[in-house]
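Student: Residue 29 in the UniProt record's numbering sits at position 29 of the sequence shown, and the numbers go up by one each step.
Backbone N, C-alpha and C fix where the C-beta goes; we use that ideal spot for every residue, glycine too.
Computed from a prediction, not measured in an experiment: that's the story for all the values here.
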Amino acid sequence: MVLVTALAAERQRTDLAARAVLTVSGLVIVLIGGASLIAPVWFREANGIRIEAGAALLSETRAAGALLLAVGVVVLLGAFVPRLTRTAAAAGAIGYLATVLARLVGLAVDGSPGGSLLFAAAVELALGLACLHLLRPR
C-alpha cells in the first residue's frame, strides 16, 4: 500500500512538472507566433531587427508566425489533454531544438546576432531540452 501511494505521488509530481513545462513552452511559442502574425514589424524591431514593410516579406513573416502559433496551441493543449502530452512534448522539443540548431548555423555563418537573440537561443535550448526530457520512458 505504501509503495502504491509513493508511486501515485511520484506520478502526480511528474504530471505537474510536465504540465508546467508544456504550459510555459506553449505560451512562449503562442506569444512569438501571435506577435509575428499580428504585428510583424513591431515584433522584429523589438528584437533589434529592422524589416521593410514590403508585402512579400511581411507575408513570409506572418506565415511563419501562424505556423508557430499553431504549434504553440498544440504544445499548450498537451498540458491539459493527457492523450496529447507526448505529441506536444515532441512538437516542443523538435521546434525549439531545430530553432537552436538554426541559430547555431547562423552564428557560424553570419556571426553574432546580438544579445537579445543569444538570450532567446538559451531560453529555446532550455525549453527544448525540457520538452525532450518529457519524452523519456517512465
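Quick one: Cα of Gly78 to Cα of Trp42, how far?
Tutor: Computed Cα separation, rounded: 30 angstroms.
Student: Would you tell me roughly how many angstroms separate the C-alpha atoms of Ala130 and Ala35, rounded to the nearest one?
Tutor: Using only the alpha carbons, I get a separation of about 24 angstroms.
Student: Exposed or buried, Ala17, counting other C-beta atoms within 10 Å across all chains shown (16 or more means buried)?
Tutor: Exposed: under 16 other Cβ atoms inside 10 Å.
Student: Assign Phe80 to one of three DSSP states: helix, strand, or coil.
Tutor: If DSSP states are grouped into helix, strand and coil, Phe80 belongs with coil.
Student: I need the DSSP call for Ser112, collapsed to helix, strand or coil.
Tutor: Here Ser112 sits in coil by DSSP.
Student: CB-CB under 8 angstroms to Gly106, same chain, minus the five flanking residues each way: which ones, in chain order?
Tutor: These residues qualify, in order along the chain: Pro113.
Student: Buried or exposed: where does Arg136 fall if 16 or more other Cβ atoms within 10 Å of its Cβ makes it buried?
Tutor: Result: exposed.
Student: Among residues of its own chain, excluding the 5 on either side of Val71, which ones have a beta-carbon nearer than 7 angstroms to its beta-carbon?
Tutor: Contacts found: Ile29, Ala91, Gly95.
Student: Beta carbon of Val73, beta carbon of Ala88: below 7 angstroms?
Tutor: Contact flag unset, no.
Student: Alpha carbon to alpha carbon, how far is Arg62 from Thr23?
Tutor: In a straight line, the C-alpha of Arg62 is about 23 angstroms away from that of Thr23.
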